[in-house]
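As structure tokens, the structure follows; a few thoughts come after it.
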Amino acid sequence: MEHAASGPAGPAAGAVAGLPAAPSVFGPPAIDCDVHVAVPSVKTLLPYLDDYWRDQFLTRGIDRISWNMTGDPPNAPISARPDWRPQAGKPGTDLDLLRGALDAFGSSAAIANCIYGGAALHSEDMAAAVCRAVNDWIVKEWLDREPRLSASIVVPLGSPELAVEEIERRAGDRRFVQVLLLAMGEVLLGRRHHWPIYAAAERHGLPIGVHAGSTYHHPTLAGGWGSHFIEDYVAQAFGFENQVLSLVSEGVFAKFPSLKFVLIESGVTWLPPALWRFSKTWRGTRAEIPWVKRKPSEIVRDNIRLTVQPFDAPDGAARLERIVEQLGSDRMLLFSSDFPHWHYEGTDALPVAPSSPLAQRILFDNPVETYPRLKVPPAREKETLS
Amino acid sequence: MSRRHVVATVDEVKPGTSKLVSAGGRSIALFNVGGSFYALADKCPHESGSLCSGRIVGLAQADEPGRYRLERRGEFVKCPWHGWEFDIRTGQSYCDPSKTRVRAYKAEVESGDELVKGPYVAETFPVTVERNYVVVEI
Amino acid sequence: MSTTVLERAPAAQRGTPTPVKLSVIDCDIHPQVKSPAELMPFLPKQWQDYARMFGGLYRQVFSDTLSHPRIAPDVARADAWPPDGSPPGSDVPFMRMQHLDANNVEYGMLMPLNRGPGNQRNLDYGAALASAVNDWQIEKYVKAEPRLRASIVIAHDDPPAAIAEIRKRAGNRNFTQIMMPPKSIEPLGRRRYWPIFEEAVAQNLPIALHVGGVNGFPPTGGGWPSYYIEEQHTNVQGMQGLLTSLVIEGVFERFPDLKVVLVEGGIAWLPALKWRLDKHWKRLKAEAPHLRLAPSEYIRRNIWLTTQPLDEPDRDSDLAETFELVGFDRIMFSTDYPHWDFDEPRFLLGKLKIGKENIEKIFSGNAKALYGLA
Numbered sequence: 001m002e003h004a005a006s007g008p009a010g011p012a013a014g015a016v017a018g019l020p021a022a023p024s025v026f027g028p029p030a031i032d033c034d035v036h037v038a039v040p041s042v043k044t045l046l047p048y049l050d051d052y053w054r055d056q057f058l059t060r061g062i063d064r065i066s067w068n069m070t071g072d073p074p075n076a077p078i079s080a081r082p083d084w085r086p087q088a089g090k091p092g093t094d095l096d097l098l099r100g101a102l103d104a105f106g107s108s109a110a111i112a113n114c115i116y117g118g119a120a121l122h123s124e125d126m127a128a129a130v131c132r133a134v135n136d137w138i139v140k141e142w143l144d145r146e147p148r149l150s151a152s153i154v155v156p157l158g159s160p161e162l163a164v165e166e167i168e169r170r171a172g173d174r175r176f177v178q179v180l181l182l183a184m185g186e187v188l189l190g191r192r193h194h195w196p197i198y199a200a201a202e203r204h205g206l207p208i209g210v211h212a213g214s215t216y217h218h219p220t221l222a223g224g225w226g227s228h229f230i231e232d233y234v235a236q237a238f239g240f241e242n243q244v245l246s247l248v249s250e251g252v253f254a255k256f257p258s259l260k261f262v263l264i265e266s267g268v269t270w271l272p273p274a275l276w277r278f279s280k281t282w283r284g285t286r287a288e289i290p291w292v293k294r295k296p297s298e299i300v301r302d303n304i305r306l307t308v309q310p311f312d313a314p315d316g317a318a319r320l321e322r323i324v325e326q327l328g329s330d331r332m333l334l335f336s337s338d339f340p341h342w343h344y345e346g347t348d349a350l351p352v353a354p355s356s357p358l359a360q361r362i363l364f365d366n367p368v369e370t371y372p373r374l375k376v377p378p379a380r381e382k383e384t385l386s
Numbered sequence: 387m388s389r390r391h392v393v394a395t396v397d398e399v400k401p402g403t404s405k406l407v408s409a410g411g412r413s414i415a416l417f418n419v420g421g422s423f424y425a426l427a428d429k430c431p432h433e434s435g436s437l438c439s440g441r442i443v444g445l446a447q448a449d450e451p452g453r454y455r456l457e458r459r460g461e462f463v464k465c466p467w468h469g470w471e472f473d474i475r476t477g478q479s480y481c482d483p484s485k486t487r488v489r490a491y492k493a494e495v496e497s498g499d500e501l502v503k504g505p506y507v508a509e510t511f512p513v514t515v516e517r518n519y520v521v522v523e524i
Numbered sequence: 525m526s527t528t529v530l531e532r533a534p535a536a537q538r539g540t541p542t543p544v545k546l547s548v549i550d551c552d553i554h555p556q557v558k559s560p561a562e563l564m565p566f567l568p569k570q571w572q573d574y575a576r577m578f579g580g581l582y583r584q585v586f587s588d589t590l591s592h593p594r595i596a597p598d599v600a601r602a603d604a605w606p607p608d609g610s611p612p613g614s615d616v617p618f619m620r621m622q623h624l625d626a627n628n629v630e631y632g633m634l635m636p637l638n639r640g641p642g643n644q645r646n647l648d649y650g651a652a653l654a655s656a657v658n659d660w661q662i663e664k665y666v667k668a669e670p671r672l673r674a675s676i677v678i679a680h681d682d683p684p685a686a687i688a689e690i691r692k693r694a695g696n697r698n699f700t701q702i703m704m705p706p707k708s709i710e711p712l713g714r715r716r717y718w719p720i721f722e723e724a725v726a727q728n729l730p731i732a733l734h735v736g737g738v739n740g741f742p743p744t745g746g747g748w749p750s751y752y753i754e755e756q757h758t759n760v761q762g763m764q765g766l767l768t769s770l771v772i773e774g775v776f777e778r779f780p781d782l783k784v785v786l787v788e789g790g791i792a793w794l795p796a797l798k799w800r801l802d803k804h805w806k807r808l809k810a811e812a813p814h815l816r817l818a819p820s821e822y823i824r825r826n827i828w829l830t831t832q833p834l835d836e837p838d839r840d841s842d843l844a845e846t847f848e849l850v851g852f853d854r855i856m857f858s859t860d861y862p863h864w865d866f867d868e869p870r871f872l873l874g875k876l877k878i879g880k881e882n883i884e885k886i887f888s889g890n891a892k893a894l895y896g897l898a
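The listed protein sequences correspond, in order, to chains A, B and C. One point on numbering: in our numbering, the residue at position 97 of the first sequence is 97, and numbering is uninterrupted. Counting the second sequence from 1 gives a position; our numbering is that position plus 386. Counting the third sequence from 1 gives a position; our numbering is that position plus 524.
Structure, rendered in structure tokens:
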């Protein structure tokens, strides 16, 4: 097995590099662009904190708190499919189960996303210290142990400056392939407040992963706080739609032309109607945002990607093909299992027939194009779709 | 065969203004841009709003977010309904609705201007001035 | 070939296109005051004094306007200003000429957006304002123009006062529905609003929710948008969130006969939301055991939507499919006259390739059935 020349020394360096792109259970090789890893407890992070923070955590009993997230109740049915739920501990804490999922799909590579409440702490410095510890933990407990894994960089969500420091700290390890943000934070992602993050990410060839989830700085519904987790979860799709409007309207793609955003765990099918409306409105309001020089749907087509699970549709295959037609691009969708979330049974995670030309694009070609730091040997000759 | 219609005297349409006229059974929006006259069908190709009722504007441009400038003052009319911007001289809308490209209208990118101009065009009519009269050819 | 004779054929009058033959029921017309003083005679003196001295108290920085300036003066079509310079929608003869007559409107549903009675923090002022707006609709519009119908505006954050206002108006069938903003201090599916739904059902009146509402929360779950183009788009999120709340809270389980009209939110977002709600409700049923039906079944049964602003996919076939997925019998034509993103009836006729029968349902049949119009 060859290993990448770049990246830190060690047998696990360049985790994905050099692995033969074996066929997945669907046929073409697969790259799973969304698997979850979860920090078992705050205590887990103690060895990764510096002296000051470890002392703070112990003195204040922070190591004894649960940072479980309102938006991700560990025992809710959606949080783990029964065969992916560990005997003990939270979903996403068991490497064997994750390996089993990768084996079941036959995935050559997977991107691990750690949605962690500590990233949303109001204290910027504590959030940054926690994120640093989480990323160190991800390296040691996941990337070093499973060569198929890459990961997103966890960053303090309230502090662009400290987020940039964390990005710079991780950029040298090419197993980090993305920067992780949430669909619902305190400030809409298009706003200039976030631009230092985008500058750093663009510099290092790191897409921005926008993952379903909320810091709960604002009600999840425009109408206020609903009563049910179901409402909060369904509302994530609305949050993604608003982020697309924000990113394009604020000119993020005018300012950072080679930056890509990946919408992770969004539901997908909300996007074409959103773009119909956005493009229509833009034609009359263009003068308000004159740096948007092309139809918004074209900008989105070129710069935004989406993972396929969950896929909100009753009839997966026909609807996905229609979505691709409506989006005008077969480059936008990325295969994901969303392990260990419960959206489907068995390996039924690909919302299109494996024999479809779209399958190869979704499973392999689009992920490879989206994540330049992800090194996978090329598969067979690719045909370009119109 | 087209006919020439005298639709107004020159001083009825001051520079920077428009006038609704009728010629050949058509409603025509007549514009005076800096002393030159132009005629558009008074019908936005979107939902048929009256272009003559629209505001005459310049073109907002920006090379990067937050850096605005106004160019080509008085050369565009904004449909009074959905606000589409049309180049008064050519009838070309400034935003591409991205229908299947019509052969007659190529999308072109002019140097120094990155905006892709699409095929949606308001109908224009040739205009001449004879002595004191504005003449539109339908 | 030139002529020396100046042709003076009468110019086509602005805003009077060739009349459309299809009879049209317009489910969203905005009346307007010529000035704030116009509402004063309809307010008790106590509240006239209050209005002059203090004005509106909203959950936002501005007292007289929205936080994102609109894209057009008065949000209106540039050609909708009456000749005397009054605000668009404030002049009944001009509205008649430019819209009702020109577009063959058989009935028009008034959607007053004045002063936001439903979002006033002072609940008693809100209630008084709501009553004043309701009287004003009848006196100025309905009495002068028999094609127009009014909506019962209520200050819904005071349910007893809102119910009193509904009862006061319910006997007058010139009021065809109750009107609330879709955004308030709690999502409208929450139980504090259920007495209002109960009253609506008792009075056999639909509830219309017109986009808007100032509730102090950002219009997105991720913070405040900067630009009007973004903020205008959040009208969709307001509707999506409203529907999610109404369905999951069980409003339609408790009130199976409640009829809800979503006005000016567009339509194309709905199929994907139905799929998403069904999918996640199935997995998470244990959290909402009060729901006997799938979300999409409640939506199919209890929800109507107006057409404007018409969604404009690149392919007309996608528009037709969207309408089919929503249900041709649940969609009602609207223009949003006199606002800038007004839809012309002929435009829809050109775009909607859905067969004559469905066209007639959308242009008038569905509204006639819902509102009990002859």
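Ideal placement from N, C-alpha and C gives every residue a C-beta, glycine not left out.
Using a Cβ-Cβ distance under 9 angstroms, would residue i count as near chain A?
| i | result |
| --- | --- |
| ASN739/C | yes |
| VAL488/B | Note that VAL488/B has pLDDT 24, beneath the 50 cutoff, so the model's placement of it is unreliable and the number below is only indicative. It does not: the Cβ of VAL488/B has no partner Cβ on chain A nearer than 9 angstroms. |
Quick check: what's the CA-CA separation for residue i versus residue j?
| i | j | result |
| --- | --- | --- |
| ILE414/B | PHE871/C | 20 angstroms |
| ASP373/A | ALA151/A | Note that residue 373/A corresponds to Arg in the displayed sequence, not to Asp. Whole-angstrom Cα-Cα distance: 11 angstroms. |
| LEU894/C | ALA732/C | 11 angstroms |
| GLU433/B | ILE208/A | 39 angstroms |
| ALA353/A | ALA792/C | 26 angstroms |
| GLY100/A | ILE299/A | 38 angstroms |
| ASP173/A | ARG301/A | 29 angstroms |
Among the options, which one has its Cα closest to the Cα of residue i?
| i | options | result |
| --- | --- | --- |
| THR768/C | SER159/A, VAL164/A, SER227/A | SER227/A |
| PRO670/C | LEU634/C, ILE687/C, MET704/C, GLU788/C | LEU634/C |
| PRO813/C | ARG800/C, VAL771/C, ALA844/C | VAL771/C |
| VAL268/A | ASP72/A, LEU334/A, TYR116/A | LEU334/A |
| ARG81/A | THR347/A, LEU358/A, TYR371/A | THR347/A |
| ILE65/A | ASP50/A, LEU49/A, LYS43/A, GLU124/A | LYS43/A |
| ILE827/C | THR859/C, ASN890/C, HIS804/C | ASN890/C |
Please classify residue i: does DSSP put it in a helix, a strand, or coil?
| i | result |
| --- | --- |
| PHE57/A | helix |
| ALA626/C | coil |
| GLN134/A | Sequence inspection shows Val at residue 134/A; the Gln mentioned does not correspond to that position. If DSSP states are grouped into helix, strand and coil, VAL134/A belongs with the helices. |
| TRP828/C | strand |
| GLY452/B | coil |
| LEU162/A | helix |
| GLN178/A | strand |
| GLU496/B | Summary for GLU496/B: the model assigns pLDDT 34, below 50, so the residue's position carries little reliability; its value from the coordinates is reported in the next sentence. Reduced to three states, the DSSP call for GLU496/B is coil. |
| GLY642/C | helix |
| GLY632/C | strand |
| LYS885/C | helix |
Would you say residue i lies against chain B (beta-carbon separation less than 9 angstroms)?
| i | result |
| --- | --- |
| TRP660/C | no |
| ALA596/C | yes |
I think residue i touches residue j, with their Cβ atoms under 8 angstroms apart; what is that distance to the nearest whole Å?
| i | j | result |
| --- | --- | --- |
| SER479/B | ILE442/B | That belief does not hold up - the Cβ atoms of SER479/B and ILE442/B are roughly 15 angstroms apart, past 8 angstroms. |
| ASN638/C | ASN739/C | ASN638/C to ASN739/C, Cβ: 18 angstroms. No contact. |
| GLN309/A | SER336/A | 5 angstroms |
| ARG283/A | VAL292/A | ARG283/A to VAL292/A, Cβ: 11 angstroms. No contact. |
| ALA21/A | SER108/A | 5 angstroms |
Using a Cβ-Cβ cut-off of 9 angstroms, state whether residue i counts as contacting chain C.
| i | result |
| --- | --- |
| GLU461/B | no |
| LYS503/B | Note that LYS503/B scores 45 on pLDDT, short of 50, meaning its location in the model is unreliable; the coordinates nonetheless yield the value given after this. It does not; no Cβ of chain C falls within 9 angstroms. |
| GLY190/A | yes |
| HIS122/A | no |
| PRO483/B | For PRO483/B, the predicted structure reports a pLDDT of 47, less than 50, and the residue's modelled location is therefore unreliable. A value from the coordinates is still provided. By this cut-off, PRO483/B is an interface position. |
| ILE289/A | yes |
| GLU450/B | no |
| SER404/B | no |
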